[in-house]
Ligand code: ZN
């Protein structure tokens, strides 16, 4: 009952796109890395912010420290999809959700069963040798001592994650823009919409219902048709459960 307005929006939706940020994965035990404490780096003699720790220049300058931060704060091998991931996978199966656009790098939407997922910032599940492009999974990186090295050519294995100072993948960005431009319903969740490109993507939406689900207020609240200030995992799970009572779940 609590989210019947959202259920009504979902009932009307024919082409739903979901755009999600870090808040989508917090219920899976993955904290926003920006909330991580900066690491005191001996060599540079100052406190580095999380953003500096995962910048391209820091990766190039000090891969050792990069990977120690990366492994500790960005990769969560045992994380499982939560109610929001599962609800979106179900909506895709029902033919309602056409795409998930995410800023998260954890691969949990795919793990929940979603097929069309645009990962704006890449994924920790994909890793490539910088020299020969050989592919490696997350375990390979996590099990490596220090900097992961290619078992074929000894090149550094780099996560397929967009670091600070690096450009977004233009193809992924174009796909996301196209999906949002075609959508009749856009749900934005778990993001405060202050980080680029989230704030920009919303302007491509020309549909009829814009829904914002976030624990705190966002800049776009006034633009939205429906604003829900609550935990996104619970909201989505309940709204889709109410919607899908006559539809058998997975
Ligand atoms: Zn290699």
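In my numbering, the protein residues as written are 1 to 250.
The beta-carbon is built from N, C-alpha and C at its ideal position, and this holds for glycine as well.
Inclusion of residue 131 in the 7 Å shell around the ligand ZN follows from its C-beta lying nearer than that to a non-hydrogen atom of the ligand. Our two residues, residue 213 and residue 16, have alpha carbons roughly 15 Å apart in a direct line. Membership of residue 123 in the beta strand (DSSP E) is indicated by the continuous run 122-129. Taking every protein chain shown into account, the CB of residue 135 has fewer than 16 other CB atoms within 10 angstroms, so this residue is exposed.
For residue 236, the closest of 202, 175, 187 by C-alpha to C-alpha distance is 187. When C-beta atoms of the segment 81-96 are compared with those of the segment 144-154, fewer than three pairs fall below 8 Å, so the two segments do not count as touching.
CA-to-CA, the gap between residue 221 and residue 190 works out to about 13 Å. Beta-bridge partners of residue 99 (DSSP): 17.
Under the DSSP assignment, residue 164 falls outside any beta strand (DSSP E); it carries neither an H nor an E label. The closest heavy atom of the ligand ZN lies less than 7 Å from the beta carbon of residue 134. Apart from the 5 residues on each side of it in sequence, residue 58 sits with its Cβ closer than 7 Å to the Cβ of 52, 66 in its chain, given in chain order. Residue 193 has its alpha-carbon roughly 16 Å from the corresponding atom of residue 231. For residue 63 and residue 49, the gap between their C-alpha atoms comes out near 16 Å.
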